[in-house]
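Input: a single structure, listed below in C-alpha cells.
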Amino acid sequence: MKLAKASRRQGPPQAETAFPGAGGSRLLKTDVRIDETLARHLLEGGKLDKGGLRRAERLAAETSERLNLVLSKLGLVSDRDMAEALAAVLGDVVVQPAEYPIEPVLGERISPKFLKEMRIVPLADADAGLVLAMADPLDAYAIEALRLLVGKLVIPRVGLPSEVDAAFERLYGRGSAIDQIIAGVGSAEDEGTAADIARLKDMASEAPVIRLVNHLIDRAVQSRASDIHFEPFQHTFRVRYRVDGVLRDVEAPPLRLRAAIISRIKIMANLNIAETRLPQDGRVRIVIGGKEIDMRVATVPTMHGESAVLRLLDRDAVALDFEALGFDAETLAQYLEIIDQPHGILLVTGPTGSGKTTTLYTSLLRLNNGERKILTVEDPVEYQLDGVNQVQIKPGIGLTFAHALRAFMRHDPDVIMIGEIRDLETAQIAVQAALTGHKVLSTVHTNDAASTITRLLDMGVEDYLLPSTLNGIVAQRLVRTLCQSCREPYLATPELLQQLGFGTRSGDGVPTFYRAKGCTACGAAGYRGRTSILEVLPMTPALGQLVLRHTDGHELRRAATAAGMRTMYQDGLSKALAGVTSLEEILRVTREV
Numbered sequence: 015m016k017l018a019k020a021s022r023r024q025g026p027p028q029a030e031t032a033f034p035g036a037g038g039s040r041l042l043k044t045d046v047r048i049d050e051t052l053a054r055h056l057l058e059g060g061k062l063d064k065g066g067l068r069r070a071e072r073l074a075a076e077t078s079e080r081l082n083l084v085l086s087k088l089g090l091v092s093d094r095d096m097a098e099a100l101a102a103v104l105g106d107v108v109v110q111p112a113e114y115p116i117e118p119v120l121g122e123r124i125s126p127k128f129l130k131e132m133r134i135v136p137l138a139d140a141d142a143g144l145v146l147a148m149a150d151p152l153d154a155y156a157i158e159a160l161r162l163l164v165g166k167l168v169i170p171r172v173g174l175p176s177e178v179d180a181a182f183e184r185l186y187g188r189g190s191a192i193d194q195i196i197a198g199v200g201s202a203e204d205e206g207t208a209a210d211i212a213r214l215k216d217m218a219s220e221a222p223v224i225r226l227v228n229h230l231i232d233r234a235v236q237s238r239a240s241d242i243h244f245e246p247f248q249h250t251f252r253v254r255y256r257v258d259g260v261l262r263d264v265e266a267p268p269l270r271l272r273a274a275i276i277s278r279i280k281i282m283a284n285l286n287i288a289e290t291r292l293p294q295d296g297r298v299r300i301v302i303g304g305k306e307i308d309m310r311v312a313t314v315p316t317m318h319g320e321s322a323v324l325r326l327l328d329r330d331a332v333a334l335d336f337e338a339l340g341f342d343a344e345t346l347a348q349y350l351e352i353i354d355q356p357h358g359i360l361l362v363t364g365p366t367g368s369g370k371t372t373t374l375y376t377s378l379l380r381l382n383n384g385e386r387k388i389l390t391v392e393d394p395v396e397y398q399l400d401g402v403n404q405v406q407i408k409p410g411i412g413l414t415f416a417h418a419l420r421a422f423m424r425h426d427p428d429v430i431m432i433g434e435i436r437d438l439e440t441a442q443i444a445v446q447a448a449l450t451g452h453k454v455l456s457t458v459h460t461n462d463a464a465s466t467i468t469r470l471l472d473m474g475v476e477d478y479l480l481p482s483t484l485n486g487i488v489a490q491r492l493v494r495t496l497c498q499s500c501r502e503p504y505l506a507t508p509e510l511l512q513q514l515g516f517g518t519r520s521g522d523g524v525p526t527f528y529r530a531k532g533c534t535a536c537g538a539a540g541y542r543g544r545t546s547i548l549e550v551l552p553m554t555p556a557l558g559q560l561v562l563r564h565t566d567g568h569e570l571r572r573a574a575t576a577a578g579m580r581t582m583y584q585d586g587l588s589k590a591l592a593g594v595t596s597l598e599e600i601l602r603v604t605r606e607v
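Under the working numbering, residues 15 to 607 are what the sequence shown spells out, in order.
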C-alpha cells in the first residue's frame, strides 16, 4: 500500500515528538524550544542578524509556520547554513552526496509524489529503522506518516534541500516535474502582431510557465551550472546547462512553449517582448534556496526563433582566494611580486570563460586596504566589491572604456581596473596611466602570455613603451577538478610519458595519474568543480630587448621558458600528478608548444 495524500499540518505540534538520529534518540520538547536554540545558533554563528530574526518571528507567528521554514522562504539564511544549523541543534551532521542511494529504497511502498511534496529521500531500510534525508527534518507529520506506513522507527537526518531534490529526480524520474507543470498549457507563436504579442504576454504570465522557468533555473543552481542555454531548432527546443565549463543537455519543455518561455525570461529581465528581431541584454536578481543569484540575460534572433542565454552569478560560490583559484606557492609568489609593484600594468589573458575577471577581483581585494582609491570600468560589472568604485560601460550613450578612463584621471585613482583592452585608444590610456604612476589591471583575449605582447604591438602601442610600463602577464585556463570520492589512480606507460614530454622529469619511479570514474557525489560526471592552470610572465630587461626588436610570440615564449617561466601545460601536468585533475582535462585546454 502506498502512502495516500493527507492534509499537512503547518502549525507546530503541541505534543512531544521523538526524532531518533544517528547518535541516538533526540527528544524535542516543543517547536518553541527548537526555534529558540536554532535562532541562538544562527545569531552566534553570524548567519543571521537580530533585525532579520525579529522579522521572521513576526511572520512565523502570523502564519503558524516554523521558524526554519520562514527564514528560508525570506532568503535570510541560505539553505546550506540552515541545514548545518539544524544538524548542530539536532545533534546530527548534514547528509553527504555520497550517502544517497543508487536505487530507490522501498520504492514499491512509498509514493514518489508524497516524497517529492515533503522533500524526502529514503537513504536506507536498516534494522534500526528507515533512515531519511529530509529538507525539513522537523516535519513531524511526514515522519509520523512514514512510521505508520513502514511499521518501524523512522530516523530523520538533515539533507541539503538542493541535494535532496537532485537525488529525488535522479531516483524517481527527472521528467515528472516538467510534465506536471506544463499539463494543460496551450501554445503561442511570436508572429509579431498586436494580438500575438498580447497572447504571448498572457501566456508568459501564467502560473505554469512561471513555475516552469523557475524550475529550470532552480535545477541549474542545484547542478552548479554557470549558464543556461535555451536554443530553438526546427523540430526541437533544446535546454543545456554549462556545468564546470562543459555543456550538458537536460530535459527540455516541448517546442510549442518556446515563445512563452523566452517571453517569460524577457519579462523577468525587463526586456521588450515585442522586439524579436534584435539582440537584447538585461539583468535580474532572484533568490533561490536562500541565496541571492544575479542573472545576466542575453537574447539573439535565430532561424527558428529567439535563443536566450542566462548566466548565473552566485557570489557566495566564488572563492576570491588565490589558493582556491589554483595558484600554488611558486606561481603565487611570482604573481604577488608583479601586483605589489607601485605602478605599471598587469594583464591577465585567456579566452572567454577562463576566470580572468575572478583573478582580477581577487587581486583587487588584496590591494583594497583602505589606503588606495580603486576605480574599475567593466562590461558588465559581475560582482560588487565593497570599497571599490565600479563603473559599467554604456556604449549606447557614449560611455565606453576609453571615455570612462579619461574621466578616471580626474578622480585621483591609485589603482585602475579595465575590464578588457579591446582597441588602441583604451591601450594608450592604460599606458599613459601607468607612466603617470598608476597601477593598471586589465585583461586581453590571447592564447598565452607571450602572444599578448604581439597583440598590443598589433593594436598600435609603441614598442618602446611596453618594457617601461608592462610589469607582467598572466595566462590562464580553467580545468575541471576530479571528484575526490571516486577518482581512480593508474600508472603512466613509458609511451605516455614520452608523449607528454616528461623525459628527465619523471624521476626514479613511474608517475601516478588519476582518471575520472563517476559516482553519486559528482552526478556520475567524475569531476566536481574547476581550478586554474596558469603561466606567469614577468617583464624582464632581456624580454624588453626582444620586444624592442619586435620578436614574434613564439620566440618570446621560448625566451621566457628558458628564463624559468613555467607554462600552463607544465602547471597542468603538476596538478594532474597531484590528483587535482586528469591528463584528459589538461590536453583538452592546452598543449605543449
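Built from N, CA and C at the ideal position, the CB exists for glycine as well. Fair warning: this is a prediction, and the values are worked out from it, not measured in the lab.
When the Cα atoms are used, K64 and S78 turn out to be separated by approximately 20 Å. L350 sits exposed, since fewer than 16 C-beta atoms from the chains shown fall within 10 Å of its C-beta.
I279 and I547 have their alpha carbons spaced roughly 35 Å apart. Counting along the chain, the unbroken alpha helix (DSSP H) around N228 starts and ends at 221 to 236. With 16 or more neighbouring CB atoms inside 10 Å of its own CB, Q236 falls in the buried class. Between A234 and L326 a beta carbon distance of about 6 Å is seen, short of the 8 Å cut, so the two are scored as contacting. Here DSSP, grouped into helix, strand and coil, assigns M282 to helix.
Beyond the five residues adjoining it in sequence on each side, N403 comes within less than 6 Å, by CB distance, of L389 in the same chain, given in chain order.
Around the beta-carbon of D141, fewer than 16 other beta-carbon atoms lie within 10 Å, marking it exposed. Where Q490 is concerned, the enclosing beta strand (DSSP E) starts and stops at 484 to 496. Counting along the chain, the unbroken alpha helix (DSSP H) around A75 starts and ends at 64 to 77. Nearest in C-alpha terms to R542, of all of A70, R238, D95, V91, is R238. In this structure, the alpha-carbon of T450 lies about 8 Å from that of H357. Secondary structure note for V454: it is in no alpha helix (DSSP H), and the uninterrupted beta strand (DSSP E) holding it is 453 to 458. Residue environment for P503: exposed (fewer than 16 other C-beta atoms within 10 angstroms of its C-beta). For T440, the secondary structure class from DSSP, reduced to helix, strand or coil, is helix. Around the CB of P365, fewer than 16 other CB atoms lie within 10 Å, so the residue is classed as exposed. The continuous alpha helix (DSSP H) containing N82 extends over residues 81 to 87. Per DSSP, Y114 lies in no alpha helix (DSSP H) segment and is marked neither H nor E.
Scanning its chain for C-beta atoms nearer than 7 Å, with the 5 sequence neighbours on each side dropped, one finds around D258 the residues R494, Y541, G543, R544, in chain order. Apart from sequence neighbours up to five positions away, the residues of its chain that approach I487 with a beta-carbon distance below 7 Å are L361, T363, A463, T466, L551, ordered along the chain. The beta carbon of L269 is closer than 8 Å to those of P246, H249, T250, F251 in its chain, skipping five residues each way along the sequence. Rounded to the nearest whole angstrom, the C-alpha separation of L230 and G532 is 24 Å. According to DSSP, residue pairing for P246 in a beta bridge involves F251. Taking C-beta atoms as the reference points, R420 and I443 count as a pair closer than 8 Å.
Counting only residues of its own chain and dropping the five nearest sequence neighbours on each side, K61 has a CB closer than 6 Å to the CB of V91, D95. If you draw a straight line from the Cα of E306 to the Cα of D232, it comes to about 12 Å.
With a beta-carbon spacing of about 7 Å, R254 and V264 fall inside the 8 Å limit used to define contacts. One alpha carbon belongs to R69, the other to V108, and they sit about 27 Å apart. By the Cβ-count criterion, N284 is exposed, with fewer than 16 other Cβ atoms from all chains shown falling within 10 Å of its own Cβ.
DSSP places T371 in the uninterrupted alpha helix (DSSP H) bounded by 370 to 381.
For the region 265 to 326, the continuous alpha helix (DSSP H) assignments of 4+ residues that do not extend past its boundaries occur at 272 to 282, in sequence order. E606 has its alpha-carbon roughly 32 Å from the corresponding atom of H243. Contact between R310 and P394 holds: their C-beta atoms lie close to 7 Å from each other, under 8 Å. Contact annotation: Q294 and T313 have beta-carbon atoms nearer than 8 Å. According to the DSSP secondary-structure assignment, D241 is paired through a beta bridge with R256, R325.
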